[in-house]
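Enquirer: For the record, the sequence lines run as chains A and B.
Numbering-wise (the working numbering), the first sequence opens with residue 1 and increments by one.
Numbering-wise (the working numbering), the second sequence opens with residue 1 and increments by one.
Have a look at the structure that comes next, please.
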Amino acid sequence: MNTLLAQSINLFAVVLLVLAFAMIAQRRILTLIHLFTLQGAALAAATLIVGYLTGQHHLYFSGVLTFVLKVVLIPILLHRVIDRLNVRWDVETLFNIPTTMLIGIVLVIFAFNLAAPIAGLSASVARGTLGIALACVLLSFLMMIVRAKAVPQVIGFLSMENGLFFAATAATSGMPMIVELGIAFDVLVGILILGVFMFQIREQFDSLDIRHLEKLKED
Amino acid sequence: MLVLDWILIVVAGWLALGFAGIAALRNTAFVARVLFPAGAVLAAALAGLAAAALAGTPETAVLALGLPDLPFHLRLDGLSAFFLLVIGATSVGISVFAAGYFRHGEGTPPGLMCLEYHLFLASMAMVVLADDAYAFMVMWETMALSSFFLVTANHRVPAIREAGFLYLLIAHIGAIGILLCFGVLQANTGDYTFANMRAQSLSPLWASAAFLLATLGFGAKAGILPLHVWLPEAHPAAPSPVSALMSAVMLKTAIYGLLRVSFDLLGAQQWWWGVLLLAVGLATALYGVVFSAVQTDMKRLLAYSSIENIGLLFVGIGLGVLFNAYGMKALSALALTAALYHVLAHAFFKSLLFLATGSVLHSTGERSLGKLGGLMRRMPWVAWLSLVGVLASSGLPPFSGFVSEWLLLQSFLFTTGLPDSFLNMMVPVLAAGIALVAALAGYTMVKFFGVIFLGQPREPKLADAHPASPLERAGLVWLGAGCVLLGLFPVAAIGLIDPVTQLLVGGGIAETVRANGWLLLSPSSPERASYSPLVFLLVVSVAVLLAVVLVRKFYHGRLRRAPAWDCGYPAQTARMQDSAEGFGQPIRQIFEPFFRMRRELPSPFDAKPHYRVTIEDHFWHWLYLPVARLTAGIARGVGRLQQGRIAIYLLYSFVTLMVLLLVVKS
């Protein structure tokens with residue numbers, strides 16, 4: 001039973017990684033939000049299982065917190081934002097998806113290479129997944145760089161936080177409770193502020209394309 | 001209950017008044033007629049408490065404010081009590097004046113002004129009470145920020161915003177110096193209380209480093225050369241009660257800090273510190289007074305005069321350090337007494353003069369000396385009280401300024417006793433410089449008073465000038481009384497200063513002075529030098545009275561009325577009076593190397609000739625502009641990184657992250 005559960009952690013880790021790749025390739029904003037919700041669910045499940053296996057009960061709490069925040073609250077907020085901004089059915093033209101995917105693969109290899117010595121030091125059951133967590137962070141970062149619209153960038157930012165959270169769980173069985181609460185609160189406030197920004201950008205430029213922000217630079 | 005507790009209650013009362021002001025944000029009548037007078041009552045209470053605490057034993061307290069495990073330590077000793085006395089006694093007059101001064105519709109709402117003003121007062125009181133570096137810096141910065149907002153009360157005027165920015169910038173440069181000084185003083189023990197700093201004995205090298213940092217830090221706040229540039233900008237920009245408070249009291253907190261660090265926290269002193277302070281002080285005093293003499297804006301003139309007085313204070317402290325370094329306690333106490341007396345005197349006369357310019361400004365709407373004149377008849381109270389301030393400021397007997405400058409020159413006369421032959425030749429030369437400064441200060445004050453109050457009004461609108469309101473007058477009378485009493489009863493005032501010099505150098509001159517009775521002031525022995533202000537006043541009064549009687553009796557007896565000879569001019573107008581520019585012209589000629597002057601002379605055939613002269617500070621071009629250009633150049637270089645594109649910025653972070661990860665891995 002326990003080996004099965006330990007294996008399932010690896011499974012959820014892989015799900016996270018696949019979802020990160022899917023996000024890079026996804027052009028529809030609505031689907032992007034669905035993918036993000038799924039990623040949150042996988043993360044919550046992985047956290048709960050790690051908590052069960054290691055007997056660290058505060059991980060249950062952070063798993064539930066993750067679920068409430070990343071599967072329920074933030075997706076609802078995002079849905080409301082895209083409704084209000086009227087971009088629900090928007091399709092973004094992306095710059096050369098295969099190239100981006102190839103860069104992503106290079107990043108994953110780099111992340112695994114980087115995580116190998118660190119994972120050896122860790123005693124956690126999920127130590128093998130550290131590389132995946134790091135890869136998730138880098139892939140989300142990549143997504144933020146290549147996207148030109150505001151909403152996908154915000155989702156990239158949130159997904160990066162998912163990767164960090166998973167890394168913390170994988171390497172050290174979670175951060176202290178107070179830090180987790182702080183981060184959860186920060187993410188929530190962050191999404192609110194970014195929502196306001198999106199409305200402002202929209203008001204100013206009649207578009208959510210952040211390339212327009214170049215005009216704000218003074219010479 | 002300790003005196004310190006009562007003082008804290010006064011400070012809390014100021015804060016409460018400030019927040020009451022916020023509650024009545026736009027109610028000018030309530031703020032001006034209730035809150036400011038209440039602040040004045042608290043200030044009087046503070047002055048009384050401080051006077052009571054002067055000779056008492058030091059009291060300490062720990063306030064549970066601030067960060068966890070880092071409470072505020074407070075300590076009330078002679079030095080802090082003396083400066084509390086200065087703060088309290090001066091701000092009584094300023095608060096009463098402010099009650100009559102602030103009116104409707106001027107920039108910041110009155111309630112907010114009230115908060116900033118009382119916060120400023122409270123933070124100054126707390127600065128001199130602080131007994132650890134943390135509390136000191138917090139209060140010091142509170143003081144800088146609240147005064148910054150007071151200076152920029154009229155923030156819609158761009159020049160005022162610029163003045164405020166310059167002030168804030170230099171205040172922060174100074175704050176860095178002070179912070180580093182405390183860092184050196186704690187000598188790597190990690191304990192930032194002043195008690196610990198006193199216990200440390202630093203090596204001469206580190207002690208000198210701490211002293212230089214303190215001179216830089218407190219000098220920036222006090223306005224010594226070359227960090228003086230904010231003073232002539234910020235003081236005219238601020239409303240007059242605020243300029244008065246800044247010049248009279250805030251500059252003195254810097255003097256307090258310098259005394260606290262160099263005499264109290266640093267143990268042994270080195271002789272060259274004194275020489276440095278003397279040189280810097282004399283240069284500042286000379287520079288300040290020469291610039292003061294050529295100003296045509298009355299508040300700028302006073303601001304430069306403040307620079308001059310700060311220079312004199314530094315000279316006094318420098319002399320004190322010099323004597324103390326050679327173990328001459330009594331002489332060191334004499335020099336310090338002179339400096340502290342000047343602190344008290346300057347606080348009174350400079351706030352009096354700044355407030356008087358405030359009344360003139362309100363009544364005429366003019367700050368330029370060239371457009372004033374003949375206000376003696378329109379505003380007699382302000383004019384006569386300004387005369388008191390002007391005489392005190394020129395260092396003429398029997399007013400307060402004379403006593404301090406006389407004591408300072410007296411202490412110079414003892415420098416021949418210094419064991420170093422080079423010093424005892426050089427230092428008396430500096431005394432000549434002090435005498436020059438005093439003479440030029442007199443010249444400046446003649447210009448200030450003569451152009452504003454004497455002669456004929458230079459503009460027709462001056463005929464509508466209205467006298468100052470009763471509250472304004474009351475404030476001026478309080479400060480004027482201070483100037484007179486400090487001038488007439490120096491022996492009593494030295495009794496107030498004695499505990500401070502006892503604390504700083506372990507010596508005092510009060511006993512020697514008291515031995516001659518309260519009438520005669522003599523710092524060493526009556527054979528050597530003595531001064532009796534009351535006798536002087538009596539003789540002068542009798543002489544003047546006799547002269548008046550004689551002139552009336554004999555001269556006016558043969559009065560003959562006839563058309564005046566008009567020097568060949570067909571008509572004489574008030575514009576033909578000697579102007580501020582004209583009066584300052586000799587100084588502009590003689591001290592030409594001091595200025596960066598641009599003159600535009602009209603051509604002889606010009607129908608409407610204009611004469612313009614602008615005077616700038618060399619330090620702008622030698623020091624500040626090069627630094628500003630360098631900063632702008634570096635910023636431009638960094639600005640090339642700035643593409644304005646979020647993706648590129650993210651890429652910067654991404655690349656940095658990757659490089660760091662690679663470095664960590666290998």
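Where a beta carbon is used, it is the ideal one built from N, C-alpha and C, also for glycine.
Computed from a prediction, not measured in an experiment: that's the story for all the values here.
Taking the continuous alpha helix (DSSP H) assigned at H73/B, which residues delimit it?
Expert: Counted from its first residue, the second sequence places residue 73/B at position 73. No alpha helix (DSSP H) contains H73/B, which is instead part of the beta strand (DSSP E) from 70-76.
Enquirer: When we look at the beta-carbon of Y60/A and count the other beta-carbons within 10 Å, is it buried (16 or more) or exposed?
Expert: Sequence index remark: in the first sequence, residue 60/A carries index 60 (1-based). Exposed, by the Cβ-count rule.
Enquirer: Just the chain A side, please: which residues come within less than 7 Å of K665/B by C-beta, in chain order?
Expert: As a working mapping, residue 665/B is identified with position 665 in the second sequence. The contacting residues are L114.
Enquirer: Let me confirm a value: M425/B is counted as buried when at least 16 other C-beta atoms fall within 10 Å, else exposed. Which label applies?
Expert: Locating residue 425/B in the second sequence gives position 425, where the first residue counts as 1. It counts as exposed.
Enquirer: Any beta carbon from chain A within less than 9 Å of G644/B's own beta carbon?
Expert: Taking the second sequence and counting its residues from 1, the one referred to as residue 644/B is at position 644. At least one chain A Cβ lies under 9 Å of G644/B.
Enquirer: Residues in the same chain with beta-carbon distance under 6 Å from A244/B, minus the five sequence neighbours each way, listed in chain order, please.
Expert: Residue mapping note: residue 244/B aligns to position 244 of the second sequence, counting from 1. I94, S351, F354, L355.
Enquirer: What's the C-alpha gap between H58/A and R202/A?
Expert: The residue labelled residue 58/A in the question sits at position 58 within the first sequence. The residue labelled residue 202/A in the question sits at position 202 within the first sequence. Distance between the alpha carbons of H58/A and R202/A: 41 Å.
Enquirer: Could you say which of H362/B, F72/B, L550/B lies nearest to D132/B if we only look at CA atoms?
Expert: Sequence index remark: in the second sequence, residue 132/B carries index 132 (1-based). Of the candidates H362/B, F72/B, L550/B, the one whose C-alpha sits nearest the C-alpha of D132/B is F72/B.
Enquirer: Just checking my contact of G487/B with A510/B at CB under 8 Å: how many whole Å lie between their CB atoms?
Expert: Against the second sequence, residue 487/B aligns to sequence position 487. Against the second sequence, residue 510/B aligns to sequence position 510. 18 Å between Cβ atoms; not a contact.
Enquirer: Got a sec? Which residues, its chain only, sit under 7 Å from L53/A by beta carbon, not counting five neighbours each side?
Expert: Here residue 53/A corresponds to residue number 53 of the first sequence, with the count starting at 1. The residues are N2, L5, A6, V125.
Enquirer: Check whether the Cβ atoms of S368/B and T296/B lie closer than 9 Å to each other.
Expert: The residue given as residue 368/B occupies position 368 in the second sequence. The residue given as residue 296/B occupies position 296 in the second sequence. Taking 9 Å as the Cβ cut-off, S368/B and T296/B qualify as a contacting pair.
Enquirer: Listing by chain order, which chain B residues have their CB less than 8 Å from the CB of E161/A?
Expert: In the first sequence, residue 161/A corresponds to position 161, counting from 1. Simply none; closest approach about 15 Å.
Enquirer: Mind listing the chain B neighbours of E92/A? Cutoff is C-beta to C-beta under 7 Å, in chain order.
Expert: If you number the first sequence from 1, residue 92/A lands on position 92. Correct list: empty, because the minimum Cβ distance to chain B is about 14 Å.
Enquirer: What distance in whole Å lies between the Cβ atoms of W230/B and A175/B, which are believed to be in contact at a cut-off of 8 Å?
Expert: Counted from its first residue, the second sequence places residue 175/B at position 175. Counted from its first residue, the second sequence places residue 230/B at position 230. Wrong, their Cβ atoms sit about 13 Å apart, outside the cutoff.
Enquirer: Let me know the secondary structure DSSP gives S359/B once reduced to three states.
Expert: Counting from one through the second sequence, the residue named residue 359/B turns up at place 359. Of the three classes helix, strand and coil, the one that applies to S359/B here is helix, per DSSP.
Enquirer: Looking only at its own chain, which residues have a Cβ that is under 6 Å from the Cβ of P490/B, when we skip the five neighbours before and after it?
Expert: Reading the second sequence from its first residue, position 490 is the one you call residue 490/B. Excluding residues within five positions, the ones whose Cβ falls inside 6 Å are V403, L521.
Enquirer: When you compare the CB of K70/A with every CB in chain B, is at least one pair closer than 9 Å?
Expert: Taking the first residue of the first sequence as 1, we reach residue 70/A at position 70. No, K70/A does not count as interfacial toward chain B.
Enquirer: Using 8 Å as the cut-off, can you tell me whether the segment 233-253 of chain B makes contact with the segment 320-335 of chain B, which would need three or more C-beta pairs spanning the two stretches below that distance?
Expert: Short answer: they don't touch.
Enquirer: Measuring only between beta-carbons, confirm whether A25/A sits less than 9 Å from chain B.
Expert: Translated into positions along the first sequence, residue 25/A becomes position 25. False, the Cβ-Cβ gap to chain B never drops below 9 Å.
Enquirer: Under a Cβ-count criterion, where at least 16 other Cβ atoms within 10 Å of its own Cβ denotes burial, should Q153/A be classed as buried or exposed?
Expert: To locate residue 153/A, count along the first sequence from 1; it is residue 153. By the neighbour-count rule (16 or more Cβ atoms within 10 Å), Q153/A is buried.
Enquirer: Are three or more beta carbon pairs between the segment 634-648 of chain B and the segment 136-154 of chain A nearer than 8 Å?
Expert: The segment 634-648 of chain B, when compared against the segment 136-154 of chain A, does touch it at the 8 Å Cβ threshold.
Enquirer: For D578/B, count neighbouring Cβ atoms within 10 angstroms of its own Cβ and tell me buried if that reaches 16, exposed if not.
Expert: The sequence position of residue 578/B within the second sequence is 578, counting from 1. Exposed.
Enquirer: Between the C-alpha atoms of E116/B and A16/B, what's the straight-line distance to the nearest angstrom?
Expert: For the purposes of this step, residue 116/B is identified with residue 116 of the second sequence, where counting begins at 1. For the purposes of this step, residue 16/B is identified with residue 16 of the second sequence, where counting begins at 1. Each residue's alpha carbon lies about 12 Å from the other.
Enquirer: Is the separation between the beta-carbon of L407/B and that of Y341/B shorter than 9 Å?
Expert: As a first step, residue 407/B must be located in the second sequence, where it is residue number 407. As a first step, residue 341/B must be located in the second sequence, where it is residue number 341. Yes, Cβ-Cβ distance for L407/B and Y341/B is below 9 Å.
Enquirer: Could you tell me which residues DSSP puts in a beta bridge with D186/A?
Expert: Walking along the first sequence from the start, residue 186/A turns up at place 186. Beta-bridge pairing links D186/A to no other residue.
Enquirer: Give me the subset of the segment 623-651 of chain B whose CB atoms are less than 8 Å from a CB atom of chain A, sorted by chain position.
Expert: Listed in sequence order: Q642, Q643, G644, R645, I646, A647, L650, L651.
Enquirer: Taking 7 Å as the limit between beta carbons, can you name the residues of its chain near V96/B, skipping five residues before and five after?
Expert: To locate residue 96/B, count along the second sequence from 1; it is residue 96. So the qualifying residues of the chain are P37, A40, L471, A474, G475, W478.
Enquirer: Can you tell me whether Y667/B is buried or exposed? The criterion is at least 16 other CB atoms within 10 Å of its CB, across all chains shown.
Expert: Here chain B has residues from 1 to 666 only, and residue 667/B is not among them.
Enquirer: Across the segment 294-313 of chain B and the segment 434-444 of chain B, are there enough close Cβ pairs to call them in contact, namely three or more that are closer than 8 Å?
Expert: Cβ pair count under 8 Å is three or more, so yes.
Enquirer: So, helix, strand or coil for S368/B, using DSSP?
Expert: For the purposes of this step, residue 368/B is taken as residue 368 along the second sequence, with counting starting at 1. Reduced to three states, the DSSP call for S368/B is strand.
Enquirer: Let me see if you follow: with CB-CB separation under 9 Å, is L657/B close to chain A or not?
Expert: By 1-based counting over the second sequence, the position of residue 657/B is 657. Interface residue, yes.
Enquirer: Is the CB-CB distance between A44/B and L85/B below 9 Å?
Expert: As a position in the second sequence, residue 44/B is number 44, starting the count at 1. As a position in the second sequence, residue 85/B is number 85, starting the count at 1. In this structure, L85/B does not lie closer than 9 Å to A44/B by Cβ.
Enquirer: Out of L179/B, H228/B, G88/B, L112/B, which one is the CA nearest neighbour of D617/B?
Expert: For the purposes of this step, residue 617/B is taken as the residue at position 617 of the second sequence. Of L179/B, H228/B, G88/B, L112/B, the residue nearest in Cα terms is H228/B.
Enquirer: Alpha carbon to alpha carbon, how far is F166/A from G51/A? Give it in angstroms, no decimals.
Expert: The count along the first sequence starts at 1 and reaches residue 51/A at position 51. The count along the first sequence starts at 1 and reaches residue 166/A at position 166. Roughly 13 Å between the two C-alpha positions.
Enquirer: Quick one: which chain B residues come within Cβ less than 9 Å of F36/A?
Expert: As a first step, residue 36/A is located in the first sequence; it is residue number 36 there, counting from the start. Here the premise fails: no neighbours, minimum Cβ distance about 19 Å.
Enquirer: For F136/B, decide whether its Cβ has a neighbour in chain A, counting only Cβ atoms nearer than 9 Å.
Expert: Counting from 1 along the second sequence, the entry for residue 136/B is found at position 136. Output row for F136/B: interface = no.
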